[in-house]
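Novice: Residue numbers (my numbering), protein chains in the order written: chain A, 199 to 322; chain B, 199 to 322.
Idealized CB from N, CA, C, for every residue including glycine.
Because the structure is a prediction, the values reported are computed rather than measured.
(1) Relative to the alpha-carbon of residue 238/B, which residue among 252/B, 300/B, 308/B has its alpha-carbon at the smallest distance?
(2) Please list, in chain order, the residues of the region 262–285 of chain A that have any C-beta partner in chain B closer than 9 Å.
(3) Would you kindly work out how many angstroms separate the C-alpha atoms of residue 227/B and residue 298/B, rounded to a whole number?
(4) With 8 Å as the threshold, decide whether the Cβ of residue 236/B is near any Cβ in chain A.
(5) Would you mind telling me which residues of chain B sit closer than 7 Å to residue 303/A, beta carbon to beta carbon, in chain order?
(6) Under DSSP, the alpha helix (DSSP H) around residue 210/A begins and ends at which residues?
(7) Does the structure place the region 241–257 of chain B close enough to the region 205–219 of chain B that three or more beta carbon pairs sit under 8 Å?
(8) Under DSSP, the beta strand (DSSP E) around residue 335/A begins and ends at which residues?
(9) Are the C-beta atoms of residue 203/B and some chain A residue less than 8 Å apart?
(10) Can you check whether the C-beta of residue 223/A is within less than 8 Å of a C-beta belonging to chain B?
(11) Compare the C-beta of residue 314/A against all C-beta atoms of chain B and say whether one is closer than 8 Å.
(12) Would residue 299/A count as contacting chain B if we go by Cβ distances under 8 Å?
(13) Assign residue 317/A to one of two classes, buried (16 or more other C-beta atoms within 10 Å of its C-beta) or exposed (fewer than that).
(14) Excluding the 5 residues preceding and the 5 following residue 280/A in the sequence, name in chain order all residues of the same chain whose CB lies nearer than 7 Å to its CB.
What follows is the structure, encoded as structure tokens:
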């Protein structure tokens, strides 16, 4: 988990989305804050993560709770004029690749604004 | 943290809300999924937690990531006909009492329904 998180933090810092290729499993499931049903596959996860990282302003992690196969990274950021907090819930497989990525965001008004901004970028 | 979590799970199982008196710090801050500003104080946190536990149906924890002072408990539940997942992000003080409790919920439609149900019970 440590190595995977090291690469993750490096890509968030540097915005080098190509690093996702190294750490996402082909069969990753991505659970968005907006819909119940997960999106499946590496290409889809990469597409969503690349876009969401552009929508957040002043993005920073504020808490990290790390287990053997699962971790919870809490962040703060802004969308437009609203402050928000959220979590990335990450699960890795035996080879250290991310097989499950879930995002939750609060509060409700910031979630709604985030949804509108994401909708403009990626549709749906 | 282990002892605090043991009591927490016992109270969720038994719905003995009186156990909150043992594990909430007087100066607890409660961060709801709906508003940015935290609610402060033990009485307020007890009131909110007692109500939210009544609104969720089929509530169960599905993942637990535990650190020294912070933990992330992920749950699944239903509100009305909608399935949801959420996290309880818990921080304890040196004496093991909960000083910070944050809740996030996905997806957006379930969050909205939860808000409506909570509004009926406790008003805004």
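Specialist: Taking the coordinates as given:
(1) Check the Cα spacing between residue 238/B and each of 252/B, 300/B, 308/B: the tightest is with 300/B.
(2) Listed in sequence order: 262, 263, 264, 265, 268, 269, 270, 272, 280, 281, 282, 283, 284, 285.
(3) Answer to the nearest angstrom: the Cα atoms are 5 Å apart.
(4) Under the Cβ criterion of 8 Å, residue 236/B is not counted among the residues facing chain A.
(5) 302, listed in chain order.
(6) That run of the alpha helix (DSSP H) goes 200–212.
(7) They touch, by the three-pair rule.
(8) The requested residue 335/A is not part of the displayed model; chain A covers only 199 to 322.
(9) Using beta-carbon distances, residue 203/B does not count as an interface residue toward chain A, since no partner is under 8 Å.
(10) It does not; no Cβ of chain B falls within 8 Å.
(11) No, because no Cβ of chain B sits closer than 8 Å to the Cβ of residue 314/A.
(12) No, no contact with chain B.
(13) Counting every other CB atom within 10 Å of its CB across the protein chains shown gives residue 317/A a total below 16, marking it as exposed.
(14) For residue 280/A, the CB contacts under 7 Å within the same chain, skipping 5 residues up- and downstream, are 307, 308, 311 in chain order.
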